[in-house]
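In what follows, a structure is listed as C-alpha cells, so that the remarks can point back to it.
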Amino acid sequence: MATKPDLMMNDSQKGMTLIVKTVVRFAIGIIFMFGWYIIVYGHLTPGGGFAGGTILACGYVILTLAFGKDLALRKMSDMAASIIDNSCALLFVLIPIVGFAFGSFFLNFPPHGKPFNLVSAGLIPLYNIIIGLKVTSSLFAIFVALSIFGRFVSKLVEEAEEEE
Amino acid sequence: MQTAYPLFSVLPLAAAFFNLLVTKLNKKVADYIAFVVTGTLAVMAVLTVFEAPFAYRVGGFPAPWGILLISDGLSSLTLVIINVIAFLAVIYSTKYMTMYTAKPKYYSLLLLMIAGMNGVVCTGDLFNLFVFLEVASLASYALVGFGCEHEELEASFKYLILGEVASTAILFGIAFLYSMTGTLNMPDLARQLEIVGINKAVAFVIALFIMGFGLKASTVPFHAWLPDAHPSAPAPISALLSGVLIKAIGVYAIARIMFDVVGPNAMVSTILMFLGALSMVVGVFLAVGQSDIKRMLAYHSISQMGYVMIGLGLGLNPNVPALVAAMALFGGIYHFVNHAVFKSLLFLCAGSFEFRTGTRNRYEMGGLIRKMPVTSTACSIASLSISGVPPFNGFWSKLIIIVALVQAGYYIYGGIAVLVAFVTLVSFIKLQRFVIFGQLPARFAALKESPFAMTFPLVVLAILCLGLGLAYPFLDHSVLQAARNALLDKLSYMGYILGG
Amino acid sequence: MVLYFLTLVLFVMGVYCLIAKKNIIKKIIGLTITDYAINLFIILIGYRANGIAPILFKNMTMKELSEQGVDPLPQALVLTSIVIGLGVLSLMTAICLRLYEKYKTFDMGEINRLKG
Amino acid sequence: MIDTFLFVLLIFMIVGSAIAIETKNMLSSVISCGIVGAAVSVAFLMLGAPDIAITQVVVEVLILVILIRATITIDNTAIEVHWDTFAVVSSLIFFGLFLVFAFLAVQDLPRFGHPIMKVSQQYLETALQKTGAANVVSSVVLDFRGFDTLGEASVLFVSILGAFVILRRHGRKRRSEEDTEKVGILSEEEIREDYEEFRE
Chain E
5 MATKPDLMMN
15 DSQKGMTLIV
25 KTVVRFAIGI
35 IFMFGWYIIV
45 YGHLTPGGGF
55 AGGTILACGY
65 VILTLAFGKD
75 LALRKMSDMA
85 ASIIDNSCAL
95 LFVLIPIVGF
105 AFGSFFLNFP
115 PHGKPFNLVS
125 AGLIPLYNII
135 IGLKVTSSLF
145 AIFVALSIFG
155 RFVSKLVEEA
165 EEEE
Chain H
52 MQTAYPLFSV
62 LPLAAAFFNL
72 LVTKLNKKVA
82 DYIAFVVTGT
92 LAVMAVLTVF
102 EAPFAYRVGG
112 FPAPWGILLI
122 SDGLSSLTLV
132 IINVIAFLAV
142 IYSTKYMTMY
152 TAKPKYYSLL
162 LLMIAGMNGV
172 VCTGDLFNLF
182 VFLEVASLAS
192 YALVGFGCEH
202 EELEASFKYL
212 ILGEVASTAI
222 LFGIAFLYSM
232 TGTLNMPDLA
242 RQLEIVGINK
252 AVAFVIALFI
262 MGFGLKASTV
272 PFHAWLPDAH
282 PSAPAPISAL
292 LSGVLIKAIG
302 VYAIARIMFD
312 VVGPNAMVST
322 ILMFLGALSM
332 VVGVFLAVGQ
342 SDIKRMLAYH
352 SISQMGYVMI
362 GLGLGLNPNV
372 PALVAAMALF
382 GGIYHFVNHA
392 VFKSLLFLCA
402 GSFEFRTGTR
412 NRYEMGGLIR
422 KMPVTSTACS
432 IASLSISGVP
442 PFNGFWSKLI
452 IIVALVQAGY
462 YIYGGIAVLV
472 AFVTLVSFIK
482 LQRFVIFGQL
492 PARFAALKES
502 PFAMTFPLVV
512 LAILCLGLGL
522 AYPFLDHSVL
532 QAARNALLDK
542 LSYMGYILGG
Chain R
17 MVLYFLTLVL
27 FVMGVYCLIA
37 KKNIIKKIIG
47 LTITDYAINL
57 FIILIGYRAN
67 GIAPILFKNM
77 TMKELSEQGV
87 DPLPQALVLT
97 SIVIGLGVLS
107 LMTAICLRLY
117 EKYKTFDMGE
127 INRLKG
Chain V
208 MIDTFLFVLL
218 IFMIVGSAIA
228 IETKNMLSSV
238 ISCGIVGAAV
248 SVAFLMLGAP
258 DIAITQVVVE
268 VLILVILIRA
278 TITIDNTAIE
288 VHWDTFAVVS
298 SLIFFGLFLV
308 FAFLAVQDLP
318 RFGHPIMKVS
328 QQYLETALQK
338 TGAANVVSSV
348 VLDFRGFDTL
358 GEASVLFVSI
368 LGAFVILRRH
378 GRKRRSEEDT
388 EKVGILSEEE
398 IREDYEEFRE
C-alpha cells in the first residue's frame, strides 16, 4: 500500500473531512494499482504510458486534495518530481539513440518475444513505463505549482482588498 | 551525415533535458552545454548542404508506414539559417541573459525551440511536422513571457491564443487530408492528391493551411500578435523569433506544402501574392510611427516577409513563363536568407543598446556611435541592408523580386514593392538619426561598449550582410538554386517515398 | 457527413469562445472545446462500419482484426493531440495566474497595456 | 444505429458547449465543459477507441481539477459582461462563412464508416508480427510512429517547463544581485514578501 495510516492521522486539521479521508485511504491503493496495470499492460490491452501516468498523477492529486499538500509532497517532493521528469525524458531520448548502433534511430532492436506475453514487443513496455513515470511526475508537479500559487495569490489579494 | 540526420532534432532535445538535470548541481554548466550543442548543430547543418538529397527512415520502416525524414536543397538551406543564427544567439545570451534570472531554464527552452524548428524542417510527414511545430510554438510562448512583467505576460497570452487557433486549424487540415488520401507521408500525399485532384475539400484544406501557417508567419490579416510578442521577448529570442521562427514554421511549411504536396496552382498563387503585398504595405506604414525600436523592427518583419511571400506566390503560378517563375522563387528564397541575417542583426543591436542604456525608446537615445562604435556600425550596416541600398544583400534580393514581378506583368505589385523599399529606407534613416547620430544625452556620458560575447555575433552577422551582398555577382548560386529546384521539382519529391 | 459537420460546428463554437470572449477562463474553456472537436473529428474519420477496437485478443483471428478493426492511425494521432492539449492548457493556466496577480482581473478588456 | 446515437451525443455536446460558453457562473461553465468532455469519451468508446476513451476520461478529470482548483477559487465567480457588438457580429459573419465552406467541403470526404485505410490496413495486418504488440494502437504510437511520441513527450515537457518559468518569482534581477532562482513552489512568506514589494 502506498500510504501509511499514521502519517495521515497526524494532521487532522488539514485537508477535507474525515469521511473523505477514509474513502481516499481505501481508494488510493486501488487507484495506484490500476494505474500501474494500465501502464504495464499497455502493449496488450487498452491503455499505455499516458493514460496510466495520468491516473497515477490523479492519485497524487487526490492525496493532495484530501490530506493537504504536505503529505503528498512527502510522498513525492517537487525536487524529486522534477528529477524524475527530466531523467525519464532523457531516457526516452537516449534509448532510441541506442537504435543507431543496430541500424536506425528508434529501431525496436530487442527480440520481440512471444505474443501476448507480458515481456514481449521489444522496447514498447519499457517506453510505456518511462512515459508513465514522466507523465506522473510532471503532471503532479504542475498541479501542485498551479494550485498552491493560485491559492496564495487569492489570499493575498483578498487581504489587500480588506485593508483598502 | 546521412545516418545522423535525426540528430538535428534529437540532439537539442537531449541537451535540453540533460541541462536541467546537471544544473541542479552546478549552474555554470548551462552556458557550455548550449554553446557546444548549438555549435555542433551549426557545423552539421553546413555539412548537410554539401550532401546530395536523401531520405531517412526512422525506425527502419519503409516509407508510408514509418516516419520519413527528407533532406533536400531547401531544407538544408533552412537548417543552416536556423542553426547558425541560434549559435550566434547563444553566444550573445551568455552575457545578455545576466539581466534575467533562471538562465538554465532559458537555455532549455531555447534548445527545445531549436529542436522544434529543426524537426519541422527535417520531416517528411505531415503529423510529425505538426508535433514539432507545437514544440517550437510552446517554447516560444514561454520565452516571450520570460521577463514575467505586465506587458510580457500579456503579449505571451495573446500570442498563445492566436497560435493555438492556428495550430487547431492546421490539425483540421491534416485530418481532412488524411481522410481523403489515407496517408500522412508528404511525398505519398502528393501522389494521392494528383489522383484526387483539387476538389472542394482540398480547397478547404488549402484555406485552412494558409490561415494556420499564415498566422504563424504573421501575414497581414493575421498579424496582430507579432508586434506585441516579438519586442517582449529577450533580445536573442526576438532575433530568433523574427529571424528564424516565423520562417521555419510559417513560410517554410507553407512553401513545402503548397509547392511539393499540392503543386502549382494559380488560385493559391493569387492569394499568396495578395497577402504578401498587403503585408508589405501595412507592415511598413505601421512601422514608421513607432518610437520603441524593437516594436518598429517587428513591424518591419511583417513587411519584409511580404516580399518573401510575393516571391513564392509568383513562383507558384503555373501561367507565368517558367523562367520568370524560377527567378521570382530564387528572389524569394534569397530574401528569405537575407532577412534572417539582417533582421536578427538588428534585433541583437537593439538588445545591445538596451543592455547599456536601459531603454528602447529611440527618442531617449542619441549619438551612440561615439560610445558604442561596434554596435552602431553593425546597426548601420543592417539598416542599409534592410532598406535595399546597393552594395548590401537586401538590394539584390529585392531587385530580383521586383524584376520578376515586372516581367510577369504584375506592374502594380512591382510598384508597391519599390514604394515599400523606399518607405523602409525613410524609416531606417529616422532610426539612424535618433539613435546613432545626433546629440548624446548627458546621462550616457559614462557609457561603454557591450562585452565581447555580445559584439562578436554582431560583427559576424554584419560581415555576412556585407559578404552576401558584395559577393553576389560572383557567388556560386548552387546552394540557392538547389533550394529553388527542390521546390520546383515536385516529381523528385514524390520519389523520396521509394528511397531512404 | 452530418457528424463531420457537427464537429466543425463544435470547433467554430470553441474558436468563437477563444477569440470573442473577454474572460480569461472562458478562453481556456474555448480552447478545451476546440480540442474536443478536433479529437472527435479525427476519430470519426477513422471509424469503420460495425468496427471493433484495433486490439488483438487471444481468442481472435488475425483475419477478424484486419477485416473489422477500425483505423488505428487516427487513434495514435488523437493520443498525441490530447496530450498536446493538456500541455497547452497547463501553460495557459500558468500565464493566467500570473496575469491575475499582475492586473488583479480576469477581464481581457482591462488587460490592455499593449496596442496590438 | 451508431449514426443516430452519435448524432444525439453531438447535439448534446453542442448544447453543453453553448452553456459552457454563455453561462455567467464560472463554476457551472467549467462543469458543463467537463460534461462535454465526458460525452466525448463516451463517443470514443462507441467508435472503437478504448485507449483514447481511457486517456480522455482521465485527462478530463485532471483538467477539471486544475481549472477549479487553480482558477475558480481566486475569482468571485461572477463575470462582468462586456458586450462588444462589433467583435461579436464580425466574428459571427466570419464563422458563418467558415461553416458554409466547411459544409461544402465535408461532402467530398469519404462516407462515414468507410475510411480509405491505405496505410492502416497494413498496420492491422502486420503489427503483431513486426512489433510483437497485441495492441495495434500501442504499436503505432510507440514503434511505427515513435518519433511523434518523442515530440509529444517534448511538448509536455516544454509546457511544464514553460509554466514553471512563467510562475517564477522575479523575471529580471533586481536590487540584490543574489540568485533569486527559486521557482514554482514557494513558501507563503516568500510570496507575501514578494507581494509587498510588488505593491510598492
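Residue numbers (this note's numbering), protein chains in the order written: chain E, 5 to 168; chain H, 52 to 551; chain R, 17 to 132; chain V, 208 to 407.
The beta carbon of each residue, even a glycine, is placed where N, CA and C say it ideally should be.
### Query
How about V/LEU269 and E/VAL65: do their beta carbons lie closer than 8 Å?
Taking 8 Å as the Cβ cut-off, V/LEU269 and E/VAL65 qualify as a contacting pair.
### Task
Show which residues of chain V have a CB atom less than 8 Å away from the CB atom of E/VAL65.
By Cβ distance, chain V contributes LEU269 and VAL272.
### Message
Would you say V/HIS377 lies against chain R (beta-carbon separation less than 8 Å)?
### Response
no
#### Entry: DSSP state of H/THR174 mapped onto helix, strand, coil
strand
### Message
Considering Cα atoms alone, identify which of H/ALA226, H/GLY362, H/ALA391 and H/ALA81 is closest to V/SER312.
### Response
The sequence given here has Ala at residue 312 of chain V, not Ser. Out of H/ALA226, H/GLY362, H/ALA391 and H/ALA81, H/ALA226 has the C-alpha closest to the C-alpha of V/ALA312.
### Query
Exposed or buried, which one is R/GLU117 when buried takes at least 16 other CB atoms within 10 Å?
buried
### Task
Taking only beta carbons into account, state which residues of the segment 71-88 of chain H come closer than 8 Å to chain E, listed in chain order.
LEU71, LEU72 and LYS75
### Query
Is DSSP giving H/ASN134 helix, strand or coil here?
Note: H/ASN134 maps to helix in three-state DSSP.
### Query
Pick from H/GLU405, H/ASN236 and H/VAL339: whose alpha carbon is nearest that of H/ILE179?
A small correction: the amino acid at residue 179 of chain H is Asn; Ile does not occupy that position in the sequence shown. Residue H/ASN236 is the option with its Cα nearest to H/ASN179.
### Task
Closer than 7 Å, Cβ to Cβ, to anything on chain R: give me those residues from the segment 130-154 of chain E, in chain order.
ILE146, LEU150, PHE153 and GLY154
### Message
Is it the case that the segment 281-292 of chain H contacts the segment 139-157 of chain H, given that we only count it when at least three CB pairs across the two stretches are under 8 Å?
### Response
yes
### Message
Looking at E/GLY52: is its Cβ nearer than 8 Å to the Cβ of V/SER345?
### Response
yes
### Task
Identify the continuous alpha helix (DSSP H) that holds H/PHE503 and give its terminal residues.
503-521
### Task
Taking 8 Å as the cut-off, decide whether the C-beta atoms of H/VAL302 and H/MET309 are in contact.
At the C-beta level, H/VAL302 and H/MET309 stay beyond 8 Å of one another.
### Query
By a C-beta neighbour count over all protein chains shown, 10 Å radius and 16 as the cutoff for buried, is V/ASP210 buried or exposed?
V/ASP210 is exposed by the Cβ-count criterion.
### Query
Relative to chain R, which residues along the segment 181-194 of chain H have a C-beta separation below 8 Å, given in chain order?
VAL182, GLU185, LEU189, TYR192 and ALA193
#### Entry: Residue burial classification, E/PRO115 (beta-carbon count within 10 angstroms, cutoff 16)
exposed
#### Entry: Nearest-angstrom Cα separation, counted from R/LYS37 out to V/ALA294
Cα to Cα, V/ALA294 sits roughly 9 Å from R/LYS37.
### Task
Tell me the start and end of each unbroken alpha helix (DSSP H) in the segment 321-366 of chain V that is at least 4 residues and wholly inside, in chain order.
Uninterrupted alpha helix (DSSP H) stretches at least 4 residues long and entirely within the segment 321-366 of chain V occur at 327-338 and 343-346, given in chain order.
### Task
Look up H/ASN169 in the DSSP assignment and say whether it is helix, strand or coil.
Of the three classes helix, strand and coil, the one that applies to H/ASN169 here is helix, per DSSP.
### Query
Listing by chain order, which chain R residues have their CB less than 8 Å from the CB of V/ALA250?
LEU56 and ILE59
### Message
So V/LEU217 contacts chain E; which residues on that side make the cut at Cβ distance below 9 Å?
### Response
Residues of chain E passing the Cβ test: none, with the nearest at roughly 23 Å.
### Query
Ordered along the chain, which non-local residues of its own chain (more than five positions away) have a Cβ less than 6 Å from that of E/VAL56?
It is Gly, not Val, that sits at residue 56 of chain E in the sequence shown. Result list for E/GLY56: GLY39, ILE42, ILE43 and GLY136, in chain order.
### Message
Looking at chain R, is there any beta carbon in it that lies within less than 8 Å of the beta carbon of H/GLU405?
### Response
no
### Query
Can you list, in chain order, the residues of the segment 17-35 of chain E whose Cβ is nearer than 8 Å to any Cβ on chain V?
none
### Query
Using a C-beta to C-beta distance shorter than 8 Å, which residues of chain R count as neighbours of H/THR410?
Within chain R, no residue comes near H/THR410; the closest Cβ sits about 17 Å away, beyond 8 Å.
### Message
Strictly by DSSP, which residues pair up with R/ARG64?
### Response
V/GLY320
### Task
Please check if any C-beta of chain V sits within less than 8 Å of the C-beta of R/LYS120.
no
### Message
Taking 8 Å as the threshold (beta carbon to beta carbon), is V/VAL295 in contact with chain E?
### Response
no
### Simplified DSSP assignment, three categories, for H/ASN412
strand
### Task
Work out the CA separation of H/LEU435 and R/VAL94 for me, nearest whole Å.
49 Å
### Query
Taking Cβ to Cβ, would you say H/GLY196 is nearer than 8 Å to H/TYR151?
no
### Task
Note the first and the last residue of the continuous beta strand (DSSP E) segment covering H/VAL332.
No beta strand (DSSP E) holds H/VAL332; the alpha helix (DSSP H) holding it covers 317-339.
### Query
What did DSSP end up calling V/ARG376 once you bin it into helix, strand or coil?
coil
### Task
Check the Cβ-Cβ distances between V/LEU234 and every residue of chain R, and say whether any is below 8 Å.
no
### Task
Please confirm whether any heavy atom of the ligand GTP lies closer than 7 Å to the CB of V/THR230.
What this structure holds is no ligand at all, so the ligand GTP is not there to describe.
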